[in-house]
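Peer 1: Structure below; questions to follow.
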Amino acid sequence: MTMSPKPLLALLLAASPLAALQAQSTDNIGRTPQEEYQRGYAATPMPGQAAADAQSQPAVQSLNAQAAGAAQAQAATAGQPSPEAQAQYDADRAAYMDALAKHDMAVDRTNIRYVRQQRAYADAMAVWRVQVMACKKGKQRACDMPPPNPADYY
Numbered sequence: 002m003t004m005s006p007k008p009l010l011a012l013l014l015a016a017s018p019l020a021a022l023q024a025q026s027t028d029n030i031g032r033t034p035q036e037e038y039q040r041g042y043a044a045t046p047m048p049g050q051a052a053a054d055a056q057s058q059p060a061v062q063s064l065n066a067q068a069a070g071a072a073q074a075q076a077a078t079a080g081q082p083s084p085e086a087q088a089q090y091d092a093d094r095a096a097y098m099d100a101l102a103k104h105d106m107a108v109d110r111t112n113i114r115y116v117r118q119q120r121a122y123a124d125a126m127a128v129w130r131v132q133v134m135a136c137k138k139g140k141q142r143a144c145d146m147p148p149p150n151p152a153d154y155y
């Protein structure tokens with residue numbers, strides 16, 4: 002079995018040092034850093050960026066401290082709901098548990114009915130099989146009888 006020249010050429014290029022050099026000079030999507038800047042995907046630092054950062058640093062730190070304080074205050078009270086909220090929560094939970102109990106009772110009733118229906122059908126089928134066997138043995142009366150109705154066994 003011979004290999005065609007195209008896959009062999011691709012294999013040689015992938016293993017060559019040139020491919021390794023190309024992979025090092027680009028990022029994981031195949032563009033060089035210069036292309037990234039030209040396309041606007043990566044920003045070059047602005048000339049006055051350091052001075053602007055130094056000037057706004059105290060205001061940023063103050064706002065960060067305020068936000069951290071507010072977050073700590075909220076976290077301290079987060080575990081303690083108001084009495085009205087707790088009462089509403091308890092009422093909602095009790096209503097849910099009542100609804101769940103009613104649903105479970107309805108499901109149980111449905112399951113009991115389904116089991117009774119299955120048993121009635123199975124009983125009717127058993128009687129029908131006996132009727133068919135009697136008919137095959139030549140008993141004309143069994144052949145003339147209507148098939149059993151599962152509702153009669155319910």
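Position in the sequence shown (from 1) plus 1 gives the number in this note's numbering.
A virtual CB, placed ideally from N, CA and C, is assigned to each residue, including glycine.
Remember, predicted model here, so these are calculated numbers, not experimental data.
How many angstroms separate the CA atom of V131 from the CA atom of K103?
Peer 2: The residue you call residue 131 lines up with position 130 of the sequence shown. The residue you call residue 103 lines up with position 102 of the sequence shown. When rounded, the distance between both Cα atoms is 43 Å.
Peer 1: Indicate whether the contact test is met: 3 or more Cβ pairs, each with one atom in the region 97-112 and one in the region 125-139, closer than 8 Å.
Peer 2: Segments in contact, no.
Peer 1: Check whether the region 110-122 touches the region 139-154, taking contact to mean three or more Cβ pairs, one atom from each stretch, closer than 8 Å.
Peer 2: yes
Peer 1: Kindly indicate the opening and closing residues of the alpha helix (DSSP H) around D153.
Peer 2: Looking up residue 153 in the sequence shown gives position 152. Here D153 belongs to no alpha helix (DSSP H), and DSSP marks it neither H nor E.
Peer 1: Distance check for A71 and P34, CA to CA, integer angstroms please.
Peer 2: Here residue 34 is taken as the residue at index 33 of the sequence shown, counted from 1. Here residue 71 is taken as the residue at index 70 of the sequence shown, counted from 1. C-alpha separation (whole angstroms): 41 Å.
Peer 1: Looking only at its chain, what residues have a beta carbon closer than 6 Å to the beta carbon of A88, apart from the 5 residues adjacent to it on each side?
Peer 2: On the sequence shown, residue 88 is found 87 positions in, with the first residue counted as 1. Nothing meets the Cβ criterion.
Peer 1: Go ahead and label P84 buried or exposed: buried means 16 or more other beta carbons lie within 10 angstroms of its beta carbon, across all protein chains shown.
Peer 2: Within the sequence shown, numbered from 1, the residue matching residue 84 stands at position 83. Flag for P84 reads exposed.
Peer 1: Measure the C-alpha to C-alpha separation of M98 and R32 and round it to an integer number of angstroms.
Peer 2: Against the sequence shown, residue 98 aligns to sequence position 97. Against the sequence shown, residue 32 aligns to sequence position 31. Straight-line spacing of the CA atoms in M98 and R32 works out to 60 Å.
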